[in-house]
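Here is the structure we will look at.
Protein chains in written order, with my numbering: chain H, 1 to 200; chain R, 1001 to 1200.
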């Protein structure tokens, strides 16, 4: 069994969402596992001197045009959320807390969070909003609030983000296959080819 | 006859070079002309708050890895030049000067310039270096020096760059098909599909 593929993403990134719809099936075709790794993209942007597309002159208008166009091309549901980029701290911390007990539940939560935020255009910045998704996985309001107040849970996300930046991650999505880095939803065809051929 | 496709690029951009190897054949399959439009990407970066990939932490190392990998995937010749990004002022001014008398010669010059810089890794920043390419099109040293000292020639490139920024261009390559903008060499498949289908 080969090593799993690392799939780094930011919940507030629509290209991360679009890639999340394809990455597992691409990997499965080559009998590879995928580890989903949400990070705080803001920290990676700070490290690489980038700013969010949505807020940049010229790039902003293109972004709001390219994202829906890319979604339509994939037949992926997409409704632009009210706040772009949203604050994904609560969502990402919840993910890593779930991950440490059950990776499958954590992935199901990530998919549901992406669907709510990008598929349905719902803001997912607050604990109450994240609870709308987490609740469907049997997590209670009290449990989620206690979890998100836990310094260890906060540190977990910080550590994962630092580790990602240390591995060269600066955007979302960012896929690493056997040490080979691929940035962007538009690199998934290359990821697939890399898996098929072992590189070129 | 439909309107031509606008192909904006920066000579110092390797993704512009890679796109230049495909754009004409993609357009020709749909009986469309392409107007090649070199710009000063630095001005567009200033307008959009971007910095060159090569100089950015994290993005720089990825860039120097992704560019050769993308070239190998296309079987395109690529030798990393000594200075990235080079100063493309002389090359771009020469292009627009040629363009105003003969678009085909201008395109031939652009292709030869790209080949020298990215295909063979030769710096093309100075007038003498540009002359190595321009000379093969029958342009003499005296003629090129006089041209590049002409304020009208300098203004021509500035006007083209301003017009591109006004049309929303912020990166290289940047293709506009019937008003529809596509940024990046990795959007050429979408350009082709747009030409084939008229949009989605």
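Every residue gets a Cβ at the ideal spot worked out from N, C-alpha and C, and that includes glycine.
Coil, strand or helix - residue i by DSSP
{"i": "residue 102/H", "result": "coil"}
{"i": "residue 1074/R", "result": "coil"}
{"i": "residue 1200/R", "result": "coil"}
{"i": "residue 1087/R", "result": "coil"}
{"i": "residue 51/H", "result": "coil"}
{"i": "residue 1116/R", "result": "helix"}
{"i": "residue 1020/R", "result": "helix"}
{"i": "residue 81/H", "result": "coil"}
{"i": "residue 1138/R", "result": "coil"}
{"i": "residue 192/H", "result": "helix"}
{"i": "residue 168/H", "result": "coil"}
{"i": "residue 1013/R", "result": "coil"}
{"i": "residue 1150/R", "result": "coil"}
{"i": "residue 1122/R", "result": "coil"}
{"i": "residue 39/H", "result": "coil"}
Those residues which DSSP pairs with residue i across a bridge
{"i": "residue 181/H", "result": "176/H"}
{"i": "residue 5/H", "result": "34/H"}
Euclidean distance between Cα positions of residue i and residue j
{"i": "residue 1042/R", "j": "residue 1093/R", "result": "15 Å"}
{"i": "residue 47/H", "j": "residue 170/H", "result": "8 Å"}
{"i": "residue 1186/R", "j": "residue 1099/R", "result": "27 Å"}
{"i": "residue 1123/R", "j": "residue 27/H", "result": "41 Å"}
{"i": "residue 1155/R", "j": "residue 111/H", "result": "52 Å"}
{"i": "residue 1009/R", "j": "residue 119/H", "result": "34 Å"}
{"i": "residue 141/H", "j": "residue 189/H", "result": "40 Å"}
{"i": "residue 1081/R", "j": "residue 106/H", "result": "45 Å"}
{"i": "residue 116/H", "j": "residue 133/H", "result": "8 Å"}
{"i": "residue 95/H", "j": "residue 102/H", "result": "10 Å"}
{"i": "residue 54/H", "j": "residue 1059/R", "result": "19 Å"}
{"i": "residue 108/H", "j": "residue 20/H", "result": "11 Å"}
{"i": "residue 137/H", "j": "residue 22/H", "result": "23 Å"}
{"i": "residue 97/H", "j": "residue 143/H", "result": "11 Å"}
Beta-carbon proximity check, residue i vs residue j, cutoff 8 Å
{"i": "residue 1006/R", "j": "residue 1037/R", "result": "yes"}
{"i": "residue 18/H", "j": "residue 74/H", "result": "yes"}
{"i": "residue 67/H", "j": "residue 14/H", "result": "yes"}
{"i": "residue 177/H", "j": "residue 195/H", "result": "yes"}
{"i": "residue 49/H", "j": "residue 1057/R", "result": "yes"}
{"i": "residue 233/H", "j": "residue 121/H", "result": "One cannot answer for residue 233/H here, as it falls past the ends of chain H, which runs 1 to 200."}
{"i": "residue 1034/R", "j": "residue 1004/R", "result": "yes"}
{"i": "residue 113/H", "j": "residue 182/H", "result": "no"}
Status (buried if at least 16 other CB within 10 Å, exposed otherwise) for residue i
{"i": "residue 1084/R", "result": "buried"}
{"i": "residue 191/H", "result": "buried"}
{"i": "residue 146/H", "result": "exposed"}
{"i": "residue 164/H", "result": "buried"}
{"i": "residue 161/H", "result": "buried"}
{"i": "residue 1016/R", "result": "buried"}
{"i": "residue 1029/R", "result": "exposed"}
Neighbour list for residue i in chain B, Cβ cutoff strictly below 9 Å
{"i": "residue 47/H", "result": "In the structure shown, chain B does not exist; the protein chains are H and R."}
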